[in-house]
Amino acid sequence: MHDTCNVVVLLSGTGGNLQAMIDSFQSAASPARIRAVISNRADAYGLERARNAGIDTRVLDHTAYEGREAFDAALIDQIDAFKPELVVLAGFMRILSANFVRHYQGRLLNIHPSLLPLYKGLHTHQRVLEAGDAEHGCSVHFVTEELDGGPLVVQAIVCVQSSDSPGTLAQRVHALEHRIYPLAVRWFAEGRLSLGEQGALLDGQLLGPNGHLIPAI
Ligand code: GRF
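According to this note's numbering, the residues represented by the sequence shown are 47 to 263, in order.
Written as structure tokens, this is what we have:
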């Protein structure tokens, strides 16, 4: 048996991914325990989801700090007070400093609504439609200093339909996010997932360039 893995979740918005993790890790036997949810926005609905689940919350307003380094240093203090083994970015709309990323090297995960390395940044669903792509999806990756870069852990694919709008596509991608993010966190909590020199390792095996790939159904 391994010890429970303490997780701190950072978010800025609605917290759909947080909810998926709350639901997935609610049993007492779960390998992961969400210790705290921290937001840079006091009005993030994700904070309410956390409170409803009895999870500690903190708000750290980035506008109250003089610059990114000062905010990130304060954020590190808040996070580390909970002694997490893993920090999970779940719609945290801040670019993180190199210091922050280095501090959590190998224990910082992010989810992005595209098949990385395609469509880094914002408005991914719109951009996929404009490009006429046949496939879209979402990616969980270890965070490195490159924005939306870092070794991939798991990707899930959706087929783009000719009738899709950014909204319908977002809905299907979100449903998949809510499957793959708890899965990746569970792997980490069980000690199966780690970041090696060459990339992400699952059960000691180097994952391919796409991570573990879940094909479209
Ligand atoms: C998701 O689309 C995620 O991929 C991106 O931010 C969004 C967060 O959504 N990083 P939610 O707040 O978890 O519902």
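Glycine included, C-beta positions come from ideal geometry on N, C-alpha and C. None of the values given here were measured: they were computed from a predicted structure.
Opening and closing residue of the beta strand (DSSP E) in which residue 181 lies: If you look at residue 181, you'll find it in the beta strand (DSSP E) that goes 181-188.
Environment of residue 207 [buried if 16+ CB atoms lie within 10 Å]: Label assigned to residue 207: exposed.
Contacts around residue 105, its chain only, beta-carbon distance under 6 Å, and the 5 residues preceding and following it disregarded: Here the set comprises 85 and 88.
Beta-carbon gap between residue 78 and residue 235 smaller than 8 Å: Result yes, Cβ atoms of residue 78 and residue 235 sit closer than 8 Å.
Pair within 8 Å by beta-carbon distance, residue 142 and residue 231: 8 Å or more divides the Cβ of residue 142 from the Cβ of residue 231.
Beta-carbon spacing of residue 219, residue 158 below 8 Å: In this structure, residue 158 does not lie closer than 8 Å to residue 219 by Cβ.
Heavy atom of the ligand GRF within 7 Å of residue 159 beta-carbon: Yes - the ligand GRF has a heavy atom lying nearer than 7 Å to the Cβ of residue 159.
Residue 233 versus residue 145: straight-line alpha-carbon distance, rounded: If you take the alpha carbons of residue 233 and residue 145, they lie about 26 Å apart.
Exposed unless 16 or more other CB atoms sit within 10 angstroms - verdict on residue 69: Around the beta carbon of residue 69, fewer than 16 other beta carbons sit within 10 angstroms, so the residue counts as exposed.
Three or more C-beta pairs below 8 Å linking the segment 58-67 and the segment 105-118: The segment 58-67, when compared against the segment 105-118, does not touch it at the 8 Å Cβ threshold.
Classification of residue 92 by the beta-carbon crowding that lies within 10 angstroms, buried from 16 upward: Classification of residue 92: buried, given that the 10 Å Cβ count is 16 or more.
Closer than 7 Å: residue 184 CB and nearest the ligand GRF heavy atom: At least one heavy atom of the ligand GRF is nearer than 7 Å to the Cβ of residue 184, so yes.
DSSP state of residue 52 mapped onto helix, strand, coil: Secondary structure of residue 52 (DSSP, three-state): strand.
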